[in-house]
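K.L.:
Just dropping this structure here.
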Amino acid sequence: MTLNLTRIVILGILAMALIAGIALYYFQVHAFYTTVTMDEAGPVELTSLHSDEVEEIAVTEFRGIDSISSPIRFRACFDTGLDHATLIELFRMYPGAEPLNAPGWFDCFDARALGAALASGEALAFMGRENIIYGIDRVVAVLPDGQGFAWHQINRCGAAVFNGDPAPDDCPPPPER
2 MTLNLTRIVI
12 LGILAMALIA
22 GIALYYFQVH
32 AFYTTVTMDE
42 AGPVELTSLH
52 SDEVEEIAVT
62 EFRGIDSISS
72 PIRFRACFDT
82 GLDHATLIEL
92 FRMYPGAEPL
102 NAPGWFDCFD
112 ARALGAALAS
122 GEALAFMGRE
132 NIIYGIDRVV
142 AVLPDGQGFA
152 WHQINRCGAA
162 VFNGDPAPDD
172 CPPPPER
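Convert by adding 1 to the 1-based position in the sequence shown; the result is the number in the numbering used here.
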């Protein structure tokens, strides 16, 4: 009798662990992300090298995801007809661009391959919109064939404030909490 009760308890614990694992996976990979259109995400913009103003660029085949649970969960893929020479001449580069992983089901955004392309110089990263949300920049990267990607990345002002430190002197003041 004790042996059967022990087996039932063990199976119950394993079943609860399995259910919890499935729920955790679902919440991390699917639950908080929603697909967004370009109308919902806003246009793809780059910061002008000459005026420091953001300018919309023409794109096609836009695919995007976002989440209200975190400001850095935005990812997008698109095509643009702009070549690297034009982009370099007109728009501000983004040093230190580090694409963030996207869920596996959002298959157009491969952060590892994009990171390698940025490291090799094959892809170029540009400032999309600085402080799209305080401390978060929208970064745009483009491959030579015009395939483009966008994501949100914490900037140095945000990194300081989010760590509880005061904003560096040249940063905009953080919003009131």
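For each residue, glycine too, the CB sits at the ideal point set by N, CA and C.
Please work out which residues of its chain come closer than 8 Å, Cβ to Cβ, to A98, disregarding the five sequence neighbours upstream and downstream, and give them in chain order.
P.N.:
Contacts found: L119, A126, V140, A142, Q154.
K.L.:
With R130 and T38 assumed to form a contact (beta carbons below 8 Å), what rounded beta-carbon distance in angstroms separates them?
P.N.:
About 18 Å; that fails the 8 Å criterion.
K.L.:
How about E41 and D80: do their beta carbons lie closer than 9 Å?
P.N.:
Cβ distance not < 9 Å, so E41 and D80 don't count as in contact.
K.L.:
Are the Cβ atoms of H182 and P174 separated by less than 9 Å?
P.N.:
Because the chain in this structure spans residues 2 to 178, residue 182 falls outside the shown range and cannot be described.
K.L.:
Put L6 into one of helix, strand or coil per three-state DSSP.
P.N.:
Helix, per DSSP.
K.L.:
Quick one: any contact between the region 8-28 and the region 99-111, if contact means 3 or more CB pairs under 8 Å?
P.N.:
Not touching, per the Cβ criterion.
K.L.:
Rounded to whole angstroms, what's the CA-CA distance from R157 to E62? Just pull it up for me.
P.N.:
Rounded to the nearest angstrom, the two C-alpha atoms are 32 Å apart.
K.L.:
So, are the CB atoms of L101 and I133 less than 9 Å apart?
P.N.:
The answer is no: Cβ separation not under 9 Å.
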